[in-house]
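Reading through the C-alpha cells given below for one structure.
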Amino acid sequence: MESQDLPECPVCLQPYDGECTIPRVLACGHTVCESCLLNLPKKLPGAIRCPACTVLVKYPPEGPTTLPKNIDLLRLIPGGSENPRKPVYKSKNVSNLPFLPRSWSDEFYSNWKSYLLRDDTVERDQVSLLPVGSFSSGGEDGSLFKAGYLVRVMDCLREMKEEERGELGLVLRAFTKQNCRICRVLGLWGDLGDGVLYLASEKQKRGNFLDKNLGCFEKEGVFNFALMGMEMCEAVISLHKEGLIAGCLSFSCFQLDDFGHIYLDLIEVLLTGRGIQDVVANVGFSGKKIGDGEIRMLFKDLLKRDVFVCPEVLLKLLEKEGTGVECCSLKYPIRYSSDAWLLSCILLRIVNGDVFSDEWVEYMCHIIVKGSENSEIDCSSVYTSSMEKVSSLLGTKFGAECVSLQQILCKCLDVDPESRSLVVDVWKCIRELVIRPQFDKMVKLDGASYDENGGRCMVVGKLCLLSRERTETQEKDELQGKEANGATDMVNGLTEGRIKWKDLQGHLDCVTGLAVGGGYLFSSSFDKSVKVWSLQDYSHVHTFRGHEHKVMAVVCVDEEQPLCISGDSGGGIFLWSINIPFGQEPLKKWYEEKDWRYSGIHALAVSENGYLYTGSGDKLIKEWSLRDGTLSGTMTGHKSVVSAIAVNNGVLYSGSWDGTVRLWSLSDHSLLTVLGEDMPRAVSTVLSLAADQHTLIATYENGSVKIWRHDVLRKSMQIHNGAIFTVSLDGKWLFTGSWDRTIKAQ
1 MESQDLPECP
11 VCLQPYDGEC
21 TIPRVLACGH
31 TVCESCLLNL
41 PKKLPGAIRC
51 PACTVLVKYP
61 PEGPTTLPKN
71 IDLLRLIPGG
81 SENPRKPVYK
91 SKNVSNLPFL
101 PRSWSDEFYS
111 NWKSYLLRDD
121 TVERDQVSLL
131 PVGSFSSGGE
141 DGSLFKAGYL
151 VRVMDCLREM
161 KEEERGELGL
171 VLRAFTKQNC
181 RICRVLGLWG
191 DLGDGVLYLA
201 SEKQKRGNFL
211 DKNLGCFEKE
221 GVFNFALMGM
231 EMCEAVISLH
241 KEGLIAGCLS
251 FSCFQLDDFG
261 HIYLDLIEVL
271 LTGRGIQDVV
281 ANVGFSGKKI
291 GDGEIRMLFK
301 DLLKRDVFVC
311 PEVLLKLLEK
321 EGTGVECCSL
331 KYPIRYSSDA
341 WLLSCILLRI
351 VNGDVFSDEW
361 VEYMCHIIVK
371 GSENSEIDCS
381 SVYTSSMEKV
391 SSLLGTKFGA
401 ECVSLQQILC
411 KCLDVDPESR
421 SLVVDVWKCI
431 RELVIRPQFD
441 KMVKLDGASY
451 DENGGRCMVV
461 GKLCLLSRER
471 TETQEKDELQ
481 GKEANGATDM
491 VNGLTEGRIK
501 WKDLQGHLDC
511 VTGLAVGGGY
521 LFSSSFDKSV
531 KVWSLQDYSH
541 VHTFRGHEHK
551 VMAVVCVDEE
561 QPLCISGDSG
571 GGIFLWSINI
581 PFGQEPLKKW
591 YEEKDWRYSG
601 IHALAVSENG
611 YLYTGSGDKL
621 IKEWSLRDGT
631 LSGTMTGHKS
641 VVSAIAVNNG
651 VLYSGSWDGT
661 VRLWSLSDHS
671 LLTVLGEDMP
681 RAVSTVLSLA
691 ADQHTLIATY
701 ENGSVKIWRH
711 DVLRKSMQIH
721 NGAIFTVSLD
731 GKWLFTGSWD
741 RTIKAQ
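Numbering-wise (full-length UniProt numbering), the sequence shown opens with residue 1 and increments by one.
Written out as C-alpha cells, the structure is:
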C-alpha cells in the first residue's frame, strides 16, 4: 500500500504507525492519534468533543492510553470499522427562517456593535445625551411579547435613512477615541424606559462657565482670556480635522474640566442646532417671505439663549424650511470660516457683555435684509462702522497691545466667508498674547486641510433634523395607521401590541406543557388531560383522557406513525396516535415502578433512535423503548428531582432541583460531565433546558439563564422577575416564558 493511502489522524494528518502516531478509538467510534488526544482542549471535566464528528464523548481521567487501540488500522486494513451497533444520530436541520427573523445582516451588525452601550451602563446625570431615534419600549400598552434590548436598538438603526446613519457613523468613528479638547463620544444607548435611542458622550464635571464671566475681563485678565480663547479654538480645530463644521455655537457647548481646561461638547452643539431649527421654523412657514421685524425677533430669541449662528448658515436653514427673506440675495456657501464667525462672536460677547449683543443684532439684520440689495458699498460701510464700535469696546478692555486681536476678530465677522480668517489664524494671534513669537518656535499647529469641498456642516445635517423628522413620521403613522407586512413587521407588531392573539381556553387547571406535531398543538395540564388544537384556526379538536394523575409533560414524535406522549405525576406514560380519527384510548401505556416517596414523571424527551427518556421525582433518568415500553437503561447521579431533559447530537442533558446539569452519552449511558455544581443552592433549581448543536441553555427558578457554547459558559444573565418554566432555542433566537407573565426573545 502506497504511503498516501495509509489511514491518518484527522487532526494532525499524520499516518498511523503504532509508535509515534498511535490510533485510539473514542466512544463514538472515530479514531484519533494518542498525542492529539493529549493536546485537545478539555473544556469540560471528564469529556471531550470528537474532532471528527464533534459528538461529546467520555474521556478517561487516566488519559488516552487507556482507550483501545485500533488494531485494524495498525494492520493497514482500509475502511476501518466503527461499532455497527452504535446508532447514528442525525443533527436537526435549523430553519433558515426563524420565527423572529433578523432585519439586519451580519455585516450591518459588525459595523455597529462596537458602538452599542449596554442598557445598564449609562447614568443620565453623568453624560450628555442626544436623541437620535425611537423604538417600542416593549411589553407595555397591551403587548404580551418583549423583544430584547439589542433587537430594539439594531432595528432602530436599520430603520434610519442611509444619510442619517452616515452622519452618525462619522461622529462615532471620529470621536469615540480621545480627541483634543472635545468630550469623548461614548456610543449609542437605548433607554428601555422611554423607548429612545441616544448618542451619549462624556460630560465635564464643572459644566458650562461662560455665562458667569460675561464682561468681567479687564486689562489684567488678558492672559486668562487668551488661555481660554486658545483652548476654544483648539476644540473647533479638532472638529475641522475630522471634516466637520459646527455651523452654530452656544455658551453651553463649552465645558470646563477639573483642571480648568475647556472642552467642546458635541452633543450640546447638535442640541443647539436643533434649537436653532425650532426657532427658524417658528419664524416663518413654507412659501412665506420674512422681513426686518421677523429677522430681528429671531436674533433676539437666539441671544436670549446665548446662541450664535452665521449669516450663510441661517439663510440655508431658512431655505430648507421654504422660507425666504425679503430682498435677500446673499448666496455664500458654508465654509470652515463659518466657525471663525461663531468664535469671534462668543469671544467678543464674553469681553463686552450685552453691549456687543445689541450691536450684533443690528449688524446681522442690516447685512441680511437691508445690505443685501446688491449694494456692496452699503454693506461695506455697515461692516466698517460696526467693526469700529467692536474694536473700540475691545480696546477699552484690553488696551493698545491687543490691536492684532481686534483686527482678526473683526475680520472673522466679514459677511463674505472667503474674506474671513480661519480658526487656526485666530489661535496663532491669541497665542501671541501669551508667548511672544520669538520665543514660540517649538510648537507647530498642523491644522485641518480645510478642503472646502469636504466639510460637512452639523447644524444643517441629518442629525439635527432627526428629532423633528421622527416626530412628524410618528404623527403621520398614527393618523394613517400601519399595516403589518412580512415577518419583520409581524415582530414589530408583537412588540408594539398591534398584532392580535387568540386565547385557547378549555383546561380546568394549570397548563404544564406544549408540543407541536402533525399539524396540531398539544397541551398537558394538572386537570389530567391532554388537549389537541388545530394550528389552522386554533380550534379545539380532541381531548385525550385516561390519566389518573396530573399530566406533567408532553412531547411529540413526527415519524411514519406520529405520536403524542404524555407523562403524569403518578409515573404513568401514555402513547397516543395523532392520526385522524383520534382514538379514545392510548396506543400503549405503562408505569414506572411505583414508590409513594416520589412524584412521578417531571420531564420527557425523545431521541431519533426510537427511545423515550423520562426525568422523575426518584432522581433517575430512564430510557424506554417506544416499541414495547420496556425499560432499557437508567442513569443515576442527581441528588433531587430531575426536572428537565433534552436530547441533542448523541448527548442527553438533564437538569435537576439540585442545581446541576448533567451530560450523558446516549450510546452507553455514561456520565460525561456535570455543570453548575458551584451554584448557590438557594437560587439553583433548574427548570428547563434547550440544546442545539454546540449550545446549551439552562433556566432557573430565580429568573436567570445560563448559556454554554462549545462547552464553555459564555453568559449568565437575569432576564425575568420570576421562575423561567420554559425555554426554546430556534437558530440564533432564544425564547423564554416566565412566571412574571412575559415572553422574551433574545
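Glycine included, each C-beta is placed from N, C-alpha and C at the ideal position.
Open item on the list: Suppose contacts are defined by Cβ-Cβ distances below 9 Å. Is Gly615 in contact with Ile645 by that definition?
Closed with: yes
- [ ] Would you kindly check if the distance between the Cβ of Leu612 and the Cβ of Ala605 is under 9 Å?
- [x] yes
- [ ] Find out if the Cβ-Cβ distance for the pair Lys69, Ile22 is shorter than 9 Å.
- [x] yes
Task: Straight-line gap, Ile296 to Val361 (C-alpha atoms, nearest Å) - done: The sequence given here places Arg at residue 296; Ile does not occur at that position. Each residue's alpha carbon lies about 7 Å from the other.
TODO: Measure the CB-CB distance between Val390 and Leu409 and report whether it falls below 9 Å.
DONE: yes
Task: Alpha-carbon spacing of Tyr149 relative to Asp119, whole angstroms - done: 7 Å
TODO: Might you give, ordered along the chain, the residues of its own chain that have their beta carbon closer than 7 Å to the beta carbon of Leu663, omitting 5 neighbours on each side?
DONE: Ala47, Leu56, Val651, Tyr653, Leu672 and Thr673
TODO: Note the first and the last residue of the continuous alpha helix (DSSP H) segment covering Gly229.
DONE: Val222 to Lys241
Open item on the list: Check this for me: beta carbons of Val280 and Leu314, under 9 Å apart or not?
Closed with: yes
TODO: Tell me whether the beta-carbon of Cys28 lies closer than 9 Å to the beta-carbon of Cys53.
DONE: yes
- [ ] Express the C-alpha separation of Leu37 and Glu623 in angstroms, rounding to a whole number.
- [x] 31 Å
TODO: Using 10 angstroms around the beta-carbon of Ser523, count the other beta-carbons present and answer buried if the total reaches 16, otherwise exposed.
DONE: buried
Task: Contact between the stretch 340–357 and the stretch 256–276 (3+ Cβ pairs under 8 Å) - done: no
Open item on the list: So, does the stretch 110–118 touch the stretch 187–195, judging by three or more C-beta pairs under 8 Å?
Closed with: yes
TODO: Assign His542 to buried or exposed, taking buried as 16 or more other Cβ atoms, counted over all protein chains shown, within 10 Å of its Cβ.
DONE: buried
- [ ] Would you tell me roughly how many angstroms separate the C-alpha atoms of Glu140 and Glu608, rounded to the nearest one?
- [x] Note that Glu140 scores 48 on pLDDT, short of 50, meaning its location in the model is unreliable; the coordinates nonetheless yield the value given after this. Their Cα atoms are separated by approximately 41 Å.
Task: Cβ neighbours of Ala235 in the same chain (closer than 7 Å, five flanking residues each side left out) - done: Arg181, Ile182, Ile262, Tyr263 and Leu264
Open item on the list: Looking at chain B, is there any beta carbon in it that lies within less than 9 Å of the beta carbon of Lys588?
Closed with: The structure shown contains no chain B; it holds only a single protein chain.
Task: For Cys33, the residue or residues it bridges with in DSSP - done: Pro23
Open item on the list: Just to confirm, is the Cβ distance from Ser337 to Glu418 under 9 Å?
Closed with: yes
TODO: Express the C-alpha separation of Lys619 and Thr634 in angstroms, rounding to a whole number.
DONE: 10 Å
TODO: Would you tell me roughly how many angstroms separate the C-alpha atoms of Gly737 and Glu548, rounded to the nearest one?
DONE: 28 Å
Open item on the list: Can you tell me which residues form a DSSP beta bridge with Arg124?
Closed with: Paired residue(s): none; Arg124 is not in a bridge.
- [ ] Provide the residue span of the alpha helix (DSSP H) that contains Gly169, from first to last.
- [x] Glu162 to Phe175
Task: Sheet register partners of Leu652 (DSSP bridge) - done: Val647 and Trp664
Task: Pair within 9 Å by beta-carbon distance, Asn648 and Ala691 - done: yes
- [ ] Measure the CB-CB distance between Phe135 and Arg152 and report whether it falls below 9 Å.
- [x] yes
TODO: Please state whether DSSP places Arg538 in a helix, a strand or coil.
DONE: As written in the sequence, residue 538 is Tyr, which differs from the Arg given in the question. Correct three-state label for Tyr538: coil.
Task: Pairwise C-alpha distance: Ser632 and Gln584 - done: 28 Å
TODO: List the DSSP bridge partners of Met635.
DONE: Ile621
TODO: Pull up the distance between the alpha-carbon of His240 and that of Leu343, whole angstroms please.
DONE: 13 Å
- [ ] Look up Gly395 in the DSSP assignment and say whether it is helix, strand or coil.
- [x] helix
Task: Simplified DSSP state of Val153, which is helix, strand or coil - done: helix
TODO: Could you say which of Pro311, Cys402 and Glu432 lies nearest to Asp414 if we only look at CA atoms?
DONE: Pro311
Task: Cα-Cα separation between Thr695 and Lys588, rounded to whole angstroms - done: 34 Å
Task: Cβ neighbour criterion (16 or more within 10 Å) applied to Pro64 - done: buried
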